[in-house]
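Undergrad:
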Amino acid sequence: MNMMSEAAVEKALDGKMNEVSYKMVGREVSVYYGDKRALFDVNLNVRENTVTALIGPSGCGKSTFLRTLNRMNDTIDNCRVTGRITLDGDDIYDKEIDVVELRARVGMVFQKPNPFPKSIYENVAYGPKIHGLARNKADMDHIVEASLQRAGLWTEVKDRLHESGTGLSGGQQQRLCIARAIAVSPEVILMDEPCSALDPIATARVEELIHELRANYTIVIVTHSMQQAARVSQRTAMFHLGQLVEENDTDKMFTNPDDQRTQDYIMGRFG
Amino acid sequence: MTDAISSAAGLARPRPARRDIGIKRRYAAERRFRAYGIAALTFGIVFLFLLVSSVVSKGYTAFQQTMITVPVEFTEAIIDPKNERAENPQKLMTANYPLLARNAVAKVLGVAENDRTGLRDVNKMISDGVRSQLRDMVVANPALIGTTQTVSLLAAGDLDSAFKGQISLDVPEANRKVNDKQVGWMNQLAESGALAKHFNTGIFVNGNSSRPEAAGVGVALIGSFYMMLIVLVLSLPIGVAASIYLEEFAPKNRLTDLIEVNINNLAAVPSIVYGLLGLAVFINFAGLPRSASLVGGLVLTLMTLPTIIIATRAALKAVPPSIRAAALGLGASKMQTIFHHVLPLAMPGILTGTIIGLAHALGETAPLLLIGMVAFVANYPTTPLDPSTALPVQIYMWANEAERAFVERTSGAIIILLLFLIVMNVGAILLRRRFERRW
Amino acid sequence: MSTSILLPILAVIGVAAYAAGVWRANAIARGASSRLHSRPGYYGSFVALWALLPALALLVLWLIASPLYINAAVRSEFPEEVTTLSQAEQGLNFGMVSSLARGMSVLAAEEIDRIGGDPAELRAALGARGVPLAGEPKPFMVQAAGDLNQMTAASRTMMTVAALAVSLAGAFFGLSRVAPRFRARNKVEKAVLASLIVASSIAILTTIGIVLSMLTEATHFFTRVPAWEFFFGTVWDPRFAAAGATASEGQFGLIPLLLGTLYIGFVAMLVAVPVGLFSAIYMSEYASRQVRSVAKPLLEVLAGIPTIVYGFFALTAVGPFLRDLSSQLNGLVTGNYANFIQAQSVLTAGFVMGIMLIPYVSSLSDDIITAVPRALRDGSLGLGATRSETIKRVTLPAALPGIVGAILMTASRAIGETMIVVLAAGVAARIQWNPFEPMTTVTVKIVSQLTGDLEFTSPQTLVAFALGITLFAITLCLNIYALYIVRKYREQYE
């Protein structure tokens, strides 16, 4: 005990504690696109059953960080990730971890609604079908209905489940994509500016939905709208030029941030 | 501190049990699917190599020709027994030159002059092409008569095949085109150095011939050259002009839409239909001569135009509108903008498309068959109106010949054709690399 | 003066007119070119256009019209015993006259005088000059040939004079229009635009030419052979009858040819579609950049190889290989070393054609697959689907219409392909279902009916045009439908 300074002990314990108590933990995460470095040693914790908002000016790396959380950047050529990201304490970049399994646990909703050109039912049933989550047709019907209900879309589409998903309005399409993600029963849902392509009314509907989903899921959302971050999240992380500037409770972040840059950004001085 | 740890542990919920999502089975399917892809790709590439190696292995020997180098006596008693060449120069044209060659070879082999079967076998070893070979020597220089010259005589096609090892000597003699005696002589001559393989210039310069050893693609090359020239001269300006109109000037209406669909369709019309068009319009209606490279060129032009138009329009489309806006903003007319700025910038793309179109036209066979280019042409055409043939058509004609030696010639001609195509395509690629622009 | 001399003279006049226009514009501007509406070069071009275009138009018209007029005039002088003959025989007579005329223009004038009108001597004289005549010319022919030559010469002189006059007049007219405020550039650009329009109308003209020429010849055919006998006949046996003998006209049934075409095309598609599609999928979804940069050009090389080479490959390598393979297999199984695959067969031709079509399928479907938005792919991958699941369940279904279009386009190529089937499919027109036996196709028969000596009145020749228009119609329908589908498909994602 004497050999170690108190701070060092605390740091060691902190590291251990974080990995078990937080749903997802990023340690020293850096991302490179070829020679270009897009993220610099980001340390960020995601708490369970919490909405964590990632904010920052465009090109700051917030979307890049989000995509590292379910390894979506694997699909981009010459993209390299260093550092450590854990889900329930397991390193998701470990060779033992399977990316398909990971993505079944960490779902994603994209910026632009991207329903498959199939029926609404097929869209929602897609995930359960590939993962073999439904034992029979009745089971699948149940999953589809439950997912659509959670996404708040059931009453709007229950009479036209077999019409194409691309025929819905933009807001409905995005909720369909959320239902599609929920249907796989993920533990974490990543949302990449889910409302940027939607009108204000549709946005309000989706925000409401995010609020309700928090009870069952851990949510990480990237947004360029600070009002949205303030409305939906409990924790907020501010990125700037590929670095994590500050991570804090949302209330504190928007009233009394620790970092001057956060202050400036929230006041609208840049970004 | 202990508290902190325990409270932290208390915070962590028990992990949910891992769901079974069939990872193993799904990854097996993934690997299978991937393997199908690799198999498909390999299949295509393997057949490319099979095709090329099949042609090359059959054809590379065509660039060598067996020659028998012997001293030939230009005996006056055989060429011009009555000494009438002064009055009648025709005499030198019709003399029995193959006899000179036969005697020369027989002498080297020591075949007696009264051994008639022996002499017949010797005669079969020499190509009938020596007739024109020796005749041309004598006509050019009548003073040769009475002298003895060392001449490299063309060996007969069968002997050529035998010497190149293409005729299996295990086959019973009766079923073989070269008998044992001839094989013995062949080896004897080869040992003495009289019989050897030389580089075959004949295949590049000779016209067609029914004797494989004397047949070449010279006439066909000229015919193909004329046609490519016509295609280039006609299709490039017309194609570029049409593309400029359609891309830059044409109003968007039903008519231009129709032209658009029409051009895309013309690019997919079977080439043989163009042959029918050429036959009906250029030969039957306009009265142009059959077998002429002019008609072939016109037909191939019509066939190539859609390709060039499609490539040119893509190249024009790739020039960013800002260039146009800049020129127009300086007060240039639309025509000046296009000819001074847009067209030069699109030129590499246009030329690449043109070369690829030309390469296709060079390999095209079917329409040429219909406009009579299958004619047996042994003489060089002097103008595009003369009867001519084309390289791919020559290949087609030889492919239909039964003789073993023609398989070699055909493959040789294909190698020549492929070399031309490679040069053209590599040229197109270099052009694209050299001038490729990123906006 | 012949056209080959007249054209350079006109070119010289054009250059001179250009120079004159430039000079005059400069003279008017008196050193201050801003006084002019256009740059001096445009004035020059304007004058040159006036000097050349009307003269060339006249020349073209004259060259088309005068032979028609002269022919009619010469024919009208034919004696009655000829004019009462059939059209074909009159044509023969006229052919004789024109070859006589050609021959007589070779002979010197005094020689013709010496021979006088003696046909036999004329024939001998022409023969000595290397102009053989098919038969003994009749006296009236010699007369007509002389007239023909005279009229042609007169027409030529008149044409030369007229063209030169029009050209000079045009040049002077153009020159007279040159003035400071004259909008020469706009006029020249209008002419250029007109030439651009003419160039783009060639595409339309080609199509019209194809349709019209084949329709007229095919109509001639259908007056000899009823259309239903052609389209629904099951026997193809066009005997080449001796000239004039009508008794032994053959049978022209399209069905066996069409079946052969479709069967071989089907076998080809069986090879090309899976291989091409899987290659495209592998290259667009799996392959690393290095693999792609090698494999893609290699496949494109397959598309650049002329079809005659594929035909030769089928004839000398694939066909014999399949034949020997079948005889070995047969020998192993039954002990009887008879081959059950013919060297020329549906399988040989179809297989080799399939290899040829691989790059078409793969490059077309590559385009189609990459047009599927990345967002759809990400959506599926983000839900935890494997790559192959994404391809099978999302990408391919989304790309399906486009891929169908690509397959249809490839099918139209398979149907129109000629050289491979000419060399590898066989010539026997028969209806049968064994892929190891030879069958023949529409294109093979077009080639075989039109090579050799042709007589454009016999149904044996004309049937090729009926086959051609059938082929054209089938491929046209396939292509238009395919283009329509692909266009629709692309609009969906734009």
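Protein chains in written order, with this note's numbering: chain A, 1126 to 1396; chain B, 1156 to 1594; chain C, 36 to 529.
Just so you know, even glycine gets a beta-carbon here, dropped at the ideal spot from N, CA and C.
Just so we're clear, the structure is a prediction, and the values are computed from it rather than from any experiment.
List the residues of chain B whose Cβ lies closer than 7 Å to the Cβ of A:Glu1226, in chain order.
TA: Ile1176, Ile1178, listed in chain order.
Undergrad: Would you say C:Thr405 lies against chain A (beta-carbon separation less than 8 Å)?
TA: No, its Cβ sits nowhere closer than 8 Å to a Cβ of chain A.
Undergrad: Taking 8 Å as the threshold, find out whether the region 1275-1294 of chain A comes into contact with the region 1195-1211 of chain A through three or more Cβ pairs.
TA: No contact exists between the region 1275-1294 of chain A and the region 1195-1211 of chain A.
Undergrad: Considering just the uninterrupted stretch of the beta strand (DSSP E) at A:Glu1281, what are its terminal residues?
TA: Note, A:Glu1281: premise wrong, no beta strand (DSSP E); alpha helix (DSSP H) at 1279-1282.
Undergrad: Report the option in C:Leu84, C:Leu357, C:Glu452 whose CA atom is closest to the CA atom of B:Ala1521.
TA: Measuring from the Cα of B:Ala1521, the nearest candidate turns out to be C:Glu452.
Undergrad: Return the chain-ordered list of same chain residues with a C-beta closer than 6 Å to the C-beta of C:Val336, the five sequence neighbours on each side being excluded.
TA: Closer than 6 Å at Cβ, skipping near neighbours: no residue.
Undergrad: Could you pull out every residue in the same chain whose Cβ sits closer than 6 Å to the Cβ of A:Arg1230, ignoring the five residues on either side in sequence?
TA: So the list reads Pro1311, Glu1312, once near-sequence residues are dropped.
Undergrad: Name the DSSP bridge partner or partners of A:Leu1369?
TA: A:Leu1369 pairs with A:Phe1364.
Undergrad: Quick check: the region 44-54 of chain C against the region 81-91 of chain C, are at least 3 beta-carbon pairs closer than 8 Å?
TA: Taking 8 Å as the limit for Cβ pairs, the verdict is that the region 44-54 of chain C does touch the region 81-91 of chain C.
Undergrad: Quick one, which residues of the region 1249-1281 of chain A are near chain B if we go by CB-CB under 8 Å, in chain order?
TA: Listed by position, the residues of the region 1249-1281 of chain A near chain B (Cβ gap below 8 Å) are Ile1255, His1256, Gly1257, Leu1258.
Undergrad: Do the CB positions of B:Pro1461 and C:Ala238 come within less than 8 Å of each other?
TA: Yes, the pair counts as a contact, with Cβ atoms nearer than the cut-off.
Undergrad: Does C:Ser111 pass the burial test, meaning 16 or more other C-beta atoms within 10 Å, or should it be called exposed?
TA: With fewer than 16 other Cβ atoms within 10 Å, it is exposed.
Undergrad: So what's C:Ala277 in DSSP terms, helix, strand or just coil?
TA: Note that C:Ala277 has pLDDT 47, beneath the 50 cutoff, so the model's placement of it is unreliable and no number is given.
Undergrad: Does the beta carbon of A:Met1128 come closer than 8 Å to any beta carbon on chain B?
TA: In this prediction, A:Met1128 has a pLDDT of 48, which is less than 50 and means its spatial position is unreliable; what the coordinates show is noted afterwards. So, not an interface residue.
Undergrad: List, in chain order, every chain B residue whose beta-carbon is nearer than 9 Å to that of C:Met131.
TA: Simply none; closest approach about 16 Å.
Undergrad: Pull up the distance between the alpha-carbon of A:Phe1190 and that of A:Ala1178, whole angstroms please.
TA: Roughly 12 Å separates the two Cα atoms.
Undergrad: Would you be able to state if there are at least three C-beta pairs under 8 Å between the region 1420-1434 of chain B and the region 1447-1457 of chain B?
TA: Enough Cβ pairs lie closer than 8 Å, so yes.
Undergrad: Excluding the 5 residues preceding and the 5 following A:Arg1386 in the sequence, name in chain order all residues of the same chain whose CB lies nearer than 7 Å to its CB.
TA: If we look at A:Arg1386 and ignore the five residues flanking it on each side, its Cβ neighbours are His1365, Val1370.
Undergrad: What is the DSSP secondary structure of C:Met474, reduced to helix, strand or coil?
TA: Coil.
Undergrad: Are any of the Cβ atoms in chain A nearer than 8 Å to that of B:Arg1181?
TA: For B:Arg1181, the answer is yes, since a Cβ of chain A falls inside 8 Å of its Cβ.
Undergrad: If you check the beta carbons only, do B:Ile1396 and C:Ala234 fall under 8 Å apart?
TA: Looking at the sequence shown, residue 1396 of chain B is not Ile but Ala. Going by C-beta atoms, B:Ala1396 is nearer than 8 Å to C:Ala234.
Undergrad: Distance check for B:Ala1473 and A:Met1233, CA to CA, integer angstroms please.
TA: Straight-line Cα distance between these residues: approximately 36 Å.
Undergrad: Taking its Cβ as the centre, do 16 or more other Cβ atoms sit within 10 Å of B:Glu1231, making it buried, or is it exposed?
TA: Result: exposed.
Undergrad: Note down, in chain order, every chain B residue with its Cβ under 9 Å from the Cβ of C:Glu224.
TA: Simply Ser1488, Lys1489, Met1490, Gln1491.
Undergrad: Within the 8 Å Cβ cut-off, does B:Ala1159 reach chain C?
TA: Unreliable placement is indicated for B:Ala1159, whose pLDDT of 41 sits below 50; the coordinate value is still reported in the next sentence. B:Ala1159 does not count as touching chain C.
Undergrad: Less than 8 Å between the C-beta atoms of B:Met1248 and B:Ser1307, yes or no?
TA: Not in contact: B:Met1248 and B:Ser1307 (Cβ atoms no closer than 8 Å).
Undergrad: Check C:Leu247 in the structure and name its three-state DSSP category.
TA: Of the three classes helix, strand and coil, the one that applies to C:Leu247 here is helix, per DSSP.
Undergrad: With a CB to CB cut of under 7 Å and the five nearest residues on each side skipped, what residues in its chain are close to B:Ser1347?
TA: Within the same chain, B:Ser1347 has no close Cβ partners at all.
Undergrad: Helix, strand or coil, according to DSSP, for B:Tyr1429 in the structure here?
TA: Residue state, collapsed to three classes: helix.
Undergrad: Take the Cβ of B:Val1480 as the centre, count every other Cβ of all protein chains shown within 10 Å, and call the residue buried at 16 or more, exposed below.
TA: It is Ala, not Val, that sits at residue 1480 of chain B in the sequence shown. Exposed, since its Cβ has fewer than 16 Cβ neighbours within 10 Å.
Undergrad: Excluding five sequence neighbours on each side, which residues of the same chain lie with their C-beta closer than 7 Å to the C-beta of B:Met1341?
TA: Here the set comprises Leu1314, Ala1317, Phe1318, Leu1350.
Undergrad: Answer yes or no: do A:Leu1273 and A:Ala1304 have a C-beta to C-beta separation smaller than 8 Å?
TA: Contact flag set, yes.
Undergrad: If the criterion is Cβ atoms closer than 8 Å, does the pair C:Met131 and C:Met176 meet it?
TA: The answer is yes: Cβ separation under 8 Å.
Undergrad: Please go through the region 63-142 of chain C and give each complete alpha helix (DSSP H) segment of 4 or more residues, from N-terminal end onward.
TA: Whole alpha helix (DSSP H) segments, 4+ residues: 75-111, 115-118, 122-141.
Undergrad: Nearest chain B C-beta to A:Ala1229 closer than 8 Å, yes or no?
TA: Yes, its Cβ sits closer than 8 Å to a Cβ of chain B.
Undergrad: Counting along the chain, where does the beta strand (DSSP E) carrying B:Phe1354 start and finish?
TA: Segment 1350-1354, the beta strand (DSSP E) holding B:Phe1354.
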